[in-house]
Amino acid sequence: MFEIILMCILLVVSLLIVIKAADLFVDHIVEIGTALGVSQILLGVTAAAIGTSLPEFGSALIASLGGNADMGVGVVIGSNIWNVAGILGITATVTGLVQADKKSINRDGLMAIVTGVVLLAFMLFGYFTGQLFISGFGSIVMIVFYIYYMRILIKDQEKAQKDKIKKLPNSEEDIIKSKDIEKIDDISNKTLEKRKSIKKKSILFTILGIIGLAIGCQLLITSASSLASTFGIPPAIMGLFTLSIGTSIPELVVTLSSAIKGLHDISMGTVFGSVTFNILIGIGIPALLVAIPIDYLSLYFDAPVMIGVTAGTLLLMKFNGNKLNRFSGIILMIVYVLYAFLRIFVLG
Numbered sequence: 001m002f003e004i005i006l007m008c009i010l011l012v013v014s015l016l017i018v019i020k021a022a023d024l025f026v027d028h029i030v031e032i033g034t035a036l037g038v039s040q041i042l043l044g045v046t047a048a049a050i051g052t053s054l055p056e057f058g059s060a061l062i063a064s065l066g067g068n069a070d071m072g073v074g075v076v077i078g079s080n081i082w083n084v085a086g087i088l089g090i091t092a093t094v095t096g097l098v099q100a101d102k103k104s105i106n107r108d109g110l111m112a113i114v115t116g117v118v119l120l121a122f123m124l125f126g127y128f129t130g131q132l133f134i135s136g137f138g139s140i141v142m143i144v145f146y147i148y149y150m151r152i153l154i155k156d157q158e159k160a161q162k163d164k165i166k167k168l169p170n171s172e173e174d175i176i177k178s179k180d181i182e183k184i185d186d187i188s189n190k191t192l193e194k195r196k197s198i199k200k201k202s203i204l205f206t207i208l209g210i211i212g213l214a215i216g217c218q219l220l221i222t223s224a225s226s227l228a229s230t231f232g233i234p235p236a237i238m239g240l241f242t243l244s245i246g247t248s249i250p251e252l253v254v255t256l257s258s259a260i261k262g263l264h265d266i267s268m269g270t271v272f273g274s275v276t277f278n279i280l281i282g283i284g285i286p287a288l289l290v291a292i293p294i295d296y297l298s299l300y301f302d303a304p305v306m307i308g309v310t311a312g313t314l315l316l317m318k319f320n321g322n323k324l325n326r327f328s329g330i331i332l333m334i335v336y337v338l339y340a341f342l343r344i345f346v347l348g
């Protein structure tokens, strides 16, 4: 009994460490990105999404390396279903409105669906070829795919910045073309001052956030594995629900607080970016290091549900002027509850 209580305390403490570390990372990486002039959409899809997904990635990686690959895959797939149906559902219900930029839906939302299909394709290939695991080739394809996605985001950011400059009167571009040395020096000084505003403290806290995530995730997996073993809970179920929801708390906090503040691009970017990162990196990197087994129910139920929920959410937004209202949020929450009931009590 004492050991169970101790593991429960360790689970709660490790979750708090993970949440605080993720919060620390996101706050300061966003500060650095803002100082460098990175757009809100790009911050959401990259800094906020990757930062808040580090708990899932760390948990999946440590679980896989520690011989609990079923739990690692469960964390990733479960987190994605929770991110879309649970987090967006709660956010839309609480705030009454979550609006997305058209580009965010067409680019980031579609990418989230495509990455889900890519994962399902490699799972099917492994299952029907008798390998019963995601191959190293599959992991390389996922990682390269994510690098390509980052390249698209960077190009879009560069284009957006150029368009912004062109719209400004007496823009820096015109000043540079005029060859006015004094004004050019002024621009250079302003740029340097802007970059100097990235305090060393922000960089230090970003590093501390990553270290905290690594320690917290290790404690999280240790306590969760022990509790799952004690109560006879399958590792996949523990990953799909307990760990996936627990490690996704940073996404919930960032998405909800961003929506309340009217920063909808960050809200949507965080969710869709997290889904893409979780699959391509959260499974891609562990699969490069160890064999990731293919669970029958994950193949035929969890992965298709993940893709269906994401596609369904995008359709809801498309037919509602690129936004989710309170009614849509309630629908998403009902979908998640129904999925959880079927997965735990019917399919097991």
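Reminder that position 13 of the sequence shown reads as 13 in full-length UniProt numbering, one-by-one numbering, no gaps.
For every residue, glycine included, the Cβ atom is placed at its ideal position computed from N, Cα and C.
The shortest C-alpha to C-alpha distance from A63 to any of V346, S226, M333, F341 is the one to S226. With fewer than 16 neighbouring CB atoms inside 10 Å of its own CB, I152 falls in the exposed class. With fewer than 16 other Cβ atoms from the protein chains shown falling within 10 Å of its own Cβ, Y148 counts as exposed.
In this structure, the alpha-carbon of V335 lies about 7 angstroms from that of A85. N320 carries a coil assignment under DSSP once its states are collapsed to helix, strand and coil. With a cut-off of 8 angstroms on Cβ pairs, the stretch 77-97 is in contact with the stretch 315-324, counting three or more such pairs.
The beta carbons of V76 and H264 sit no closer together than 8 angstroms.
In the structure shown, the three-state DSSP call for V254 is helix. Under a 10 Å Cβ-count criterion, I344 is classified as exposed, with fewer than 16 other Cβ atoms of the shown protein chains found around its own Cβ. Counting only the Cα atoms, G58 lies some 18 angstroms from L252. Per the C-alpha coordinates, the member of S53, K102, F25, W82 positioned closest to I211 is F25. Taking a 10 Å sphere around the C-beta of I140, we find fewer than 16 other C-beta atoms and assign the residue as exposed.
Secondary structure at P55: helix, using DSSP grouped into helix, strand and coil. The Cβ atoms of V254 and T270 sit closer than 8 angstroms to each other.
A contact is defined here as three or more CB-CB pairs under 8 angstroms, and the stretch 283-300 fails this definition with respect to the stretch 101-110. Our two residues, L11 and G66, have alpha carbons roughly 17 angstroms apart in a direct line. In the DSSP assignment, P293 forms a beta bridge with F133. Burial is judged here by how many other beta carbons sit within 10 angstroms of a residue's own beta carbon; S229 has fewer than 16 and is exposed.
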